[in-house]
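In order, the protein sequences belong to chains Z and U. Residue 116 in our numbering sits at position 116 of the first sequence, and the numbers go up by one each step. Position in the second sequence (first residue = 1) + 563 = our numbering. Single-structure report; data block below.
2 protein chains.
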Amino acid sequence: MTESDLPVVDFHPYRWGDPAHRTTLPAAAKETLAAFGVRTPEHPPLDPAGLVLPEPALDAKLLAELAGLLGPGQVATDAAARVGHTRGWSTPDLLKLRAGDVSDAPDAVLYPGSHEQVVAVLELCEHANVAVVPYSGGTSVVGGLAPQRAGFAGVVALDLKRLDAVLAVDEESRTATLQAGLRGVEAERLLRERGLTLGHFPQSYEGASIGGYAAARSAGQASAGYGRFDEMVVGLELATPRGTLALGSAPKSAAGPDLRQLVLGSEGTLGVITSVTVRVRPVPAERVYEGWRFDSFEAGAAALRKLVQDGPLPTVLRLSDEAETSINLADPAAMFGGGPGGCLAIAGYEGSAAEVAARRAGASELLAAAGGQPLGTEPGEAWRHGRYRAPYLRDPLLDEGVLIETLETVTFWSSLHALRAAVTSALSETLSAEGTPPLVLCHISHVYETGASLYFTVACAQTDDPVAQWQRAKSAANEAIRQVGAAVTHHHGVGTDHREVYAREVGPLAVDALRAVKRALDPAGILNPGVLIAPAPNNATTTDGTDGTTTTDGTDATPASEG
Amino acid sequence: MTESDLPVVDFHPYRWGDPAHRTTLPAAAKETLAAFGVRTPEHPPLDPAGLVLPEPALDAKLLAELAGLLGPGQVATDAAARVGHTRGWSTPDLLKLRAGDVSDAPDAVLYPGSHEQVVAVLELCEHANVAVVPYSGGTSVVGGLAPQRAGFAGVVALDLKRLDAVLAVDEESRTATLQAGLRGVEAERLLRERGLTLGHFPQSYEGASIGGYAAARSAGQASAGYGRFDEMVVGLELATPRGTLALGSAPKSAAGPDLRQLVLGSEGTLGVITSVTVRVRPVPAERVYEGWRFDSFEAGAAALRKLVQDGPLPTVLRLSDEAETSINLADPAAMFGGGPGGCLAIAGYEGSAAEVAARRAGASELLAAAGGQPLGTEPGEAWRHGRYRAPYLRDPLLDEGVLIETLETVTFWSSLHALRAAVTSALSETLSAEGTPPLVLCHISHVYETGASLYFTVACAQTDDPVAQWQRAKSAANEAIRQVGAAVTHHHGVGTDHREVYAREVGPLAVDALRAVKRALDPAGILNPGVLIAPAPNNATTTDGTDGTTTTDGTDATPASEG
C-alpha cells in the first residue's frame, strides 16, 4: 500500500478518519486505564444528527445573492452541513461537539467553484459584514475554524472542496499547480498518474487538503526528505476582498521580501489561498524503513542531530522516548505489550535503488557509531503501515473517559532537552494537581540542521470538566515553552488556541505588522476574525487615522471609537 | 588561499576592491575594443578628493544630539565621509561619481555602536524628519543607497561598521549570531577560528557585510551547497523607529507567517537589521573544483538541471555560455585568448574527503552521461582563484570608454531558454539601435530544483551619455523579463533601479501590503524612502483614516492631504 492508495475520507463530525479503520480498545488497555482512575463518562456523546441549531443569522437577500452567484445547491444552511463545518479536530473541539455545543456552527456553508467566485463571495460578504471561515480539509487542531462572531452579521464557512483540480504540471521544472480544495490523498493519486509525488504526508493526510497545508504551514512525516510544505511552494494565488494577489515569478529571488512566506501560515486571515504551485518529485522507486534502538532519548537525539548536520539524511527520521516506545501507538493491537525497551528511532529511505542503498549505508554506519542497535525493517515497516492509525485511538479513549491530546513545539538543538523537561514537568504537575496524573509521551518527528521538533501526547483520566482541565494543562505547557524561548507550535498552527502566546512569542511590533497587512488586504476584517491575531478593537480605522490598537510600548490602547 | 585569508577592503569611491588587485587591460584587449568603436572619453574621471559638497542640510541642534548620543567622532560631516557613502557600485553610480555628481551624498554619516543606539538614532531622526540610509558594505548595484530626499529635512547614512562582533556561537545547534556591520571576510575569519564557516561568497565578498547580505537577500557563489543567505538565517534583530522586532524562536515553525522572510529583502525600508543568527557549518576538509565542457548552452543547462533535480549536487555549479566561455572573465591575462570552445561548466565539491569523493563520482557520471567532457581541475581551480577578479576589470574598461554592466534574473527551467533569448535580444537590439552593438555574455550561477538564475554581462562602446544609454538597455531587458514572467532580480535586489518593474511583478496588492508593514514599523517613512516601493504620497495618514495611496483597482489616487 502506498499513500496514493488511501481513500479520500469524509470525516464523521467527531470521529476520526475512515470508518473502516475505526478501532476499539483491547481489554488489557481498559484494565490499565482503570488503574489510572479513568471512569466511563455518565453520558455518552450526543448523536450529531440530533443536534438542533439556531436559525441561520443571514438575511434572505444575502443568501439569494450568494445562491445566484454560486449556482444551485452551492449554499447550504441545513443542520448536517453546518454541524459538519463546526470547529476542527482538537480534543476540546470533539468534547464540545460530543456535549452538544454547536455555538460555533456557521450560519451557512458556501461551495465556490472558481477563484473568481471566491473573490466575488468575499466582496459580497464584506459588503454584508459577514465573517468568512476558509475551509478545506477542516482538520485544524488549534481552533482555526472557530473565529470570533462578535461584531459580524453572521459567519459562513467557505468550503473549497469543488476547487479540486490539478491545474498544470510542468515536468521540466518539476512543478504542479494544485487547487486548494484538492485533498492530499487525491493530489497524490493524480500526480502518481504522471509518475510524480508531492511527498507530503502529515498525520491528517486522510482528511487534509492542499489549501490547509499552505495556510497552516504544514509539515509532513517525510519532511527530512521532501521538506516542509512551505519549502515546496513556489507560487500561490490568494483571493482577498480587494482582489487577487498572485505570487511566485521564480523559485527564489531577491525581488523584495518573500511574500509567499507571509501568506503561508496566515491561516485564512489575509485571504483565501485558491491554488498553489508546488515542487514535485518522481515517485520513489524504492522505500526502506528501519527501526533502531537507543538506550536513551539523549543518545537517540544526538544521533539524529549528527545525521541532519553531517548526513546522509534519511527521508523520514524520528525518535520516540522511552514511554512512547513502550506503548507503541503505531500498533494498537500491541499496546502496552512491551517491546525492545529503550527508545525506538525510525529511519526511512526513499528514492532510486542506488540512492537508497548509498544513503542507508552511510546513515546506518553513523547510527551504529552513535550507539544505535539495528532492529531491522520490521519495526520500520510497522510504523509506515500504522502511521495514520494513532489518531483513531482517540475516539474510543474519549468514550472510555480518557482525556487525550497532543501538542508540539520546536527549538534549537542546544535547548531541546531543557524544552522536553520543562513541558513534561508542566503537564505532569498541572494535571497531577487536579488529581489526574498523566502519561506524557514524546517524540522527535522533524529535524533541521539547527534544531528539532518535539511532539507530546498526553493522557489522563477526565475530570468533570475536561475542556477546562486540558486548558489549564495546555497553558502551563505554553508557559514552559515561552520560558525556554521555543516556538509555540511546530506544525499545528496558531488558530485561536495559540493566539495569545503567539503574540508574546513574536512581540507587539510583529502583531502590528500582521494587523497592518490584514488591513491592507481585508479592510473590513471579515476573514477568520480572531484567528492568528486578535481582531482590531474596531474594524475600521479611527478618526485620527491610527488604528488605535497598540501603543508603541505594546500595550493595548483604548480605541477612540467602536466601528 | 581560502576566503578567510582575503583582506577586508575599504573601497575607493569609484574603483572596485583591493588596490593590490587593480588591473589594467592587455594590449590585445585594447585592439579588440577599438574594433568595437570604443573611444577613450575626453575627460578623465574627477578625483573624488577634489569634489565640493554643499553644506550639510542638518541643523546644528540635531547634529549635537546625535553626537551626544553616539559619542566623540561618531558623526561625520566631512566631504570624504559623505562622498564615500554616496550611492553604490552599479555602473551608473560609478559614472555619476566619475563625472562629479554628488547630488545623492548624505548630509552626515553616523556610526552607532550598539543596537540600542540604532533605535535611539531612528527615534531622533523620525522626530527631526530626517531620512536614514542603513549602510553596511555599501555594495548595492541597484540604487539601494540613493533614497528619495524630497520631503525630508536631510539624509543621513547609518554606517554599521562598529557593529562588527560575533555575539554568540552555538556549536551544538550550529548557529552563530553576527552583527550587521561585520564584513563577510571578517566573519569567515572569526568563524574559522572555531572550525566553522558560513559558506556565503557573493561576488562582492571583499566589500559586503552581514547586514547587507540579509537586507538584500544575497546569494553566494556556493549557493548550491550552502544555500542562499535567506536560507541560512534562523533569527534576526531589527531596529525600527517604534522599537525592536526580534524574530527566530526556532529553525522553522507553524507559528504564523515566517516574518523573517518579510524582513529579509526589505532593503532597509522596514528597519535596520542589527544582527542575524545564521546556520553555520564545519570548514570543509576538502575542496575540488573541476571544469566540464558542453557543446552548447542548452546541453549544459540540461545537465545542471539533472544534477539539481536528481543529485548528487555539487557545492558550486555554474555554466557559461559560448561567448562568456571564450572571453574567460576569471583570467584577465587570458582574455580573448581562446580556449576549449563550447560552454564551460564549473562543478565544485566541498566537504569531508569521503563526501567529496562520493558526490564527485556521482555527479561526474551524470555530467558525462549528459554529454559533458571533463576538463580536469585546472579550469575549476582557475575559476576558484579568479572568482573575485572579474569586477576589477570594470574600472579600466570604463577608463577606456567601454560601457560595461551586469544584470540578472531567475525563472523556472521550462522558461530558461526563452528568457535568455528575450533578454539577449532586448539588450542587443536596444544598444545596436544606438550605434553601439554590444557583446552579451550569460551564465547560470544558481540552480534550484524548479529553476535557475541567468546572469548577463553587457559591454559596448559608451555614447556621450552612457547613463541614459544604459537605462534604455536596462529598461528593454526589464520588459523582456516581464514578458517571460520571470523575476526582475535573482540576487542584486530591488533598490530604486528596479522599483517600478518590481511593483508590476508583484502587483498592487503586494505593494499595498509592504507599504502597510512599513507604516506599522516606520510611520514617518524615514527609512530608505523610495527604495523597494514608492513612498506614500504623504508620510502621515490622511484625515479619513486611509493612506490615500492606492485605490482598490490598484491605480494611484490623489491623496486627500499632503503631510
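Glycine residues also receive a C-beta, built at the ideal position from the N, C-alpha and C atoms. Keep in mind the model is a prediction, meaning the values are calculated, not measured.
Chain-ordered neighbours of residue i on chain U, where CB pairs are closer than 7 Å
i         : result
Glu449(Z) : Arg737, Arg842
Asp512(Z) : Ala1083
Tyr502(Z) : Ala818, Gly819
Gly265(Z) : Ala817, Gly819, Pro820, Asp821
Contact list for residue i against chain Z, beta-carbon separation under 7 Å
i          : result
Trp946(U)  : Those within 7 Å of Trp946(U) in chain Z number zero; the least Cβ separation is about 23 Å.
Trp976(U)  : Glu172, Ser173
Gly1048(U) : Ser249
Arg725(U)  : Chain Z residues near Arg725(U): none, gap ~24 Å exceeds 7 Å.
Asn872(U)  : Checking the displayed sequence, the identity of residue 872(U) turns out to be Gln instead of Asn. Within chain Z, the residues near Gln872(U) are Arg174.
Ala1079(U) : Ala516, Val517, Arg519, Ala520
Val919(U)  : Near Val919(U) there are no residues of chain Z at all, since even the closest Cβ is about 12 Å away, more than 7 Å.
Strand pairing of residue i, partner residues [DSSP]
i          : result
Phe1019(U) : Leu970(U), Cys1005(U)
Glu913(U)  : Arg850(U)
Thr244(Z)  : Ala239(Z)
Ser838(U)  : Gln742(U), Glu800(U)
Trp292(Z)  : Ala345(Z), Pro374(Z)
Phe975(U)  : Gly1014(U)
Thr24(Z)   : BP columns for Thr24(Z) are empty, so no partner.
Leu110(Z)  : Val75(Z), Leu158(Z)
Arg881(U)  : Ile909(U)
Within chain Z, partners of residue i - CB distance below 9 Å
i          : result
Ala779(U)  : Ala254
Val1069(U) : Leu245, Ala246, Leu247, Ser249, Ala255, Gly256, Leu259
Close-in-space but distant-in-sequence residues of the same chain around residue i (CB under 7 Å, 5 per side omitted)
i          : result
Gly401(Z)  : Val38, Arg39, Thr40, Pro41, Ala461, Gln462
Gly300(Z)  : Phe294, Leu319, Cys343, Ala345
Met898(U)  : Unreliable positioning characterises Met898(U) in this predicted model, as indicated by a pLDDT of 47, which lies under 50. The coordinate reading is nonetheless provided below. Excluding sequence neighbours, Met898(U) sits near Pro589, Ala592, Ile890, Asn891.
Val1051(U) : Thr972, Asn1041, Ile1044, His1061, Val1064, Tyr1065, Glu1068
Tyr1011(U) : Val871
Glu918(U)  : none
Asp18(Z)   : Pro7, Val9, Glu206
Whole-number beta carbon distance between residue j and residue i, since they are thought to touch under 8 Å
i          : j          : result
Ala779(U)  : Gly1056(U) : 4 Å
Leu721(U)  : Pro697(U)  : 5 Å
Leu270(Z)  : Val263(Z)  : 6 Å
Tyr446(Z)  : Ala208(Z)  : Reading off the sequence, residue 446(Z) comes out as His, not Tyr. That pair is no contact at about 16 Å.
Leu441(Z)  : Asp321(Z)  : 7 Å
Val507(U)  : Ser978(U)  : Absent from the model: residue 507(U). The displayed extent of chain U is 564 to 1126, so no value can be given.
Thr803(U)  : Leu182(Z)  : About 40 Å separates the two Cβ atoms, so there is no contact after all.
Val83(Z)   : Ala105(Z)  : 6 Å
Ala486(Z)  : Leu397(Z)  : Ala486(Z) to Leu397(Z), Cβ: 28 Å. No contact.
Val1196(U) : Ala630(U)  : A query on residue 1196(U) cannot be resolved here, the shown segment of chain U reaching from 564 to 1126 and no further.
Gly828(U)  : Gly268(Z)  : Not quite, the Cβ-Cβ distance comes to about 25 Å (not below 8 Å), so this is no contact.
Chain B contact residues for residue i, given Cβ-Cβ distances below 8 Å
i         : result
Val973(U) : No chain B is present in this structure, whose protein chains are Z and U.
Cross-chain neighbours of residue i in chain U, by beta carbon under 9 Å
i         : result
Trp89(Z)  : Those do not exist, as Trp89(Z) stays about 15 Å from chain U at its closest Cβ, beyond 9 Å.
Thr240(Z) : Leu1072
Ser425(Z) : Those within 9 Å of Ser425(Z) in chain U number zero; the least Cβ separation is about 20 Å.
Chain-ordered chain Z contacts of residue i [CB-CB under 8 Å]
i         : result
Ser838(U) : Neighbours of Ser838(U) on chain Z: none; closest Cβ ~16 Å, over 8 Å.
Gly775(U) : Neighbours of Gly775(U) on chain Z: none; closest Cβ ~11 Å, over 8 Å.
Beta-carbon neighbours of residue i, restricted to chain U and to distances below 8 Å
i         : result
Thr489(Z) : Ser816, Ala817, Ala818
Val288(Z) : Result: empty, since nearest Cβ-Cβ is about 18 Å, beyond 8 Å.
Sequence-distant residues of the same chain with beta carbon closer than 6 Å to residue i, five excluded per side
i          : result
Trp976(U)  : Arg868, Gly1014
Ser425(Z)  : none
Ala368(Z)  : none
Gly137(Z)  : Gly207, Ala208, Ser209, Gly212
Ala1036(U) : Leu990, Thr993, Leu994
Contact test: residue i Cβ vs the ligand SAH heavy atom, cutoff 7 Å
i         : result
Leu870(U) : Only the bare structure without any ligand can be found here, which leaves the ligand SAH out of the picture.
Own chain, CB closer than 8 Å to residue i, minus 5 neighbours either side, in chain order
i         : result
Leu616(U) : Ala642, Arg645, Val646, Val665, Ala668
Which ranges would you report for the alpha helix (DSSP H) in the stretch 113-185 of chain Z if only whole runs of at least 4 residues count? Segments of the alpha helix (DSSP H) lying fully in the stretch 113-185 of chain Z: 115-127.
Can you check the stretch 246-271 of chain Z for any alpha helix (DSSP H) of at least 4 residues that lies completely inside it and give the ranges in chain order? Secondary structure in the stretch 246-271 of chain Z: the alpha helix (DSSP H) runs of 4 residues or longer, each lying completely within the stretch, are 260-263 in chain order.
In the stretch 600-651 of chain U, which residue ranges form an unbroken alpha helix (DSSP H) of at least 4 residues, counting only runs that do not cross its ends? Listed in chain order, the alpha helix (DSSP H) elements of length 4 or more contained wholly in the stretch 600-651 of chain U are 623-633, 642-647.
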